[in-house]
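In this text, residue positions in the sequence shown follow this note's numbering: the first is 1326, and each later residue adds one.
What follows is a single structure, written as structure tokens, with notes after it.
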Amino acid sequence: MIRFVLRRLVSAFVVLFIVASATFFVLNLTGDPVTAVLQGTGASQEEIAALKSKLGYDRPIMVRYGEFLWSVAHGDFGVSIRYGQPSIDMVMERLPYTLMLGGAAIAIIVALGLPLGILAAVFKGGWFDRFVSAATGLAQSVPHFVVGPLLILFFAVLLRWLPVSGGATSSSIVLPAFTLALYPLALVARVLRASMLETIEQDYVLTAQAKGLSRPVIVLRHMVRNALLPVLTVISLQIIAMIGGTIVVESIFGWPGLGSFARDTLLASDFPLAQTIIIFVAGAVVTINLVTDIVYALVDPRIRLK
């Protein structure tokens, strides 16, 4: 198990190195960020040249690349051109809001998606199964930029139960979290239902039925446990997909997180800040994949041998 984890850790660091390098070259070969940021601000050519020299943009790109890798390895992600503050500080200021939003969305997915999938499988062919099938199909067909405004219109404008936007109160997270969770919730419910139905004909389920075990015991102890492996895959992939979804959702609801901030940063060509955000996002994706691999190996020991 230790060797398995070490292999995955090495792979994770290699992926982060490739992402950091690709991000640096893609951003730095697209143009001059200092001029792009200061253009239209009234800054003189001398001021622009002085800032370029201060930030090192007047040096060869390979020299800057080496300095970039050295700085990142020591936790220095540079200074934002637009704000003049350390990029890492600005990211850490907004990261908790995005983590809070993502955590709330995951809680909704688990709290609603798993029971819906289990009950739909248990009552296969009944009215509840048909309802779940129709509801999840609809949820998967409507994008974030449609769901968000509809929820705002109904719950914030018409009923006035929840705030429209912002992160000032605890209730502000309800609408954006549900918007972010809706598609993954529906997918998890569908996958778990299908996986549950596959386990019904397995020998261990038939044996449990022959022993006279109650239906709840068979479902929860034997069927659900063995049906969760594909669901873990779906949840991990959907968490990664939600990272991209936060850009849209945070923009719709004015949520002060990293998603909407990343959009503004890329549009402003603030390369040091954009590099920091991308590396953090890549780190989150790599961490999710690493944790998923470890959980898989714990659930199914055969995976460690591959």
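Beta carbons: idealized from backbone N, C-alpha and C, even for Gly.
Inset, instruction - Starting from the C-beta of Ala1267, find all residues in its chain whose C-beta is less than 6 Å away, skip the five residues before and the five after it, and write them out in chain order. - result: In this structure the chain extends from 1326 to 1631, so residue 1267 is not present and cannot be described.
Legend entry - Exposed unless 16 or more other CB atoms sit within 10 angstroms - verdict on Phe1651: The structure shown does not extend to residue 1651, since the chain is modelled only from 1326 through 1631, so no value can be given for it.
Inset, instruction - Name the two residues that bound the continuous alpha helix (DSSP H) containing Tyr1422. - result: 1412–1433
Inset, instruction - Can you have a look at His1399 and say buried or exposed, based on whether 16 or more other CB atoms are within 10 angstroms of its CB? - result: exposed
Inset, instruction - Assuming Ala1514 and Gly1438 form a contact by the criterion Cβ under 8 Å, report the distance between their Cβ atoms to the nearest whole angstrom. - result: 5 Å
Inset, instruction - Report the option in Ile1525, Ser1539, Thr1558 whose CA atom is closest to the CA atom of Val1549. - result: Ile1525
Legend entry - Beta-carbon separation (whole angstroms), Ala1511 vs Leu1426, contact threshold 8 Å: That belief does not hold up - the Cβ atoms of Ala1511 and Leu1426 are roughly 19 Å apart, past 8 Å.
Legend entry - C-alpha gap between Leu1591 and Asn1353, whole angstroms: 12 Å
Inset, instruction - Select from Arg1518, Phe1605, Ser1561, Ser1378 the residue whose C-alpha is nearest the C-alpha of Val1544. - result: Arg1518
Inset, instruction - Determine the extent of the alpha helix (DSSP H) in which Lys1379 is found, giving its start and end residues. - result: 1370–1380
Inset, instruction - Please confirm whether Thr1663 and Thr1348 have their CB atoms less than 7 Å apart. - result: Any question about residue 1663 goes unanswered here, given that the chain covers just 1326 to 1631.
Legend entry - Whole-angstrom distance between Val1359 and Pro1411, CA atom to CA atom: 16 Å
Legend entry - Distance between Ser1490 and Leu1483 (C-alpha atoms, nearest Å): 15 Å
Inset, instruction - Following the continuous alpha helix (DSSP H) through Trp1452, name the residue where it begins and the one where it ends. - result: 1452–1466
Inset, instruction - Starting from the Cα of Pro1474, find the closest Cα among Glu1575, Gly1409, Val1516, Glu1418 and give me that residue. - result: Glu1575
Inset, instruction - Tell me whether Val1489 sits in a helix, a strand or coil according to DSSP, three-state version. - result: coil
Inset, instruction - Determine the direct distance from the alpha carbon of Met1521 to that of Phe1479, and round the result to whole angstroms. - result: 35 Å
Inset, instruction - Could you tell me if Ile1602 is buried or exposed, where buried requires 16 or more neighbouring beta carbons within 10 angstroms of its beta carbon? - result: buried
Inset, instruction - Give me the Cα-Cα distance between Ile1477 and Met1567, rounded to the nearest whole angstrom. - result: 20 Å
Legend entry - Neighbourhood of Leu1630 by C-beta distance below 7 Å, restricted to the same chain and skipping five residues each side: Here Leu1630 scores only 48 on pLDDT, less than 50, and its place in the model should not be relied on; the value that follows carries that caveat. Once the five neighbours on either side are set aside, Leu1630 has no close Cβ partner at all.
Legend entry - Beta-bridge pairing of Ala1404 - partner residues as DSSP gives them: Here residue 1404 is Val; the residue named in the question, Ala, does not match the sequence. In DSSP, Val1404 forms a bridge with Pro1411.
Legend entry - Check whether Arg1333 and Asp1618 have beta carbons under 7 Å apart: yes
Inset, instruction - Measure the Cβ-Cβ separation of Val1671 and Thr1504 and say whether it is below 7 Å. - result: Lying outside 1326 to 1631, the shown extent of the chain, residue 1671 is not represented and no answer is given.
Inset, instruction - Using three-state DSSP, classify Thr1612 as helix, strand or coil. - result: helix
Inset, instruction - Would you mind sorting Ala1599 into buried or exposed? The rule is 16 or more other CB atoms within 10 Å of its CB. - result: buried
Inset, instruction - Write down the C-beta distance between Ile1604 and Val1335 rounded to the nearest angstrom, noting that I regard them as a contact closer than 8 Å. - result: That belief does not hold up - the Cβ atoms of Ile1604 and Val1335 are roughly 18 Å apart, past 8 Å.
Inset, instruction - Apply the 10 Å Cβ neighbour rule to Val1616 and answer buried if 16 or more other Cβ atoms are within range, or exposed otherwise. - result: exposed
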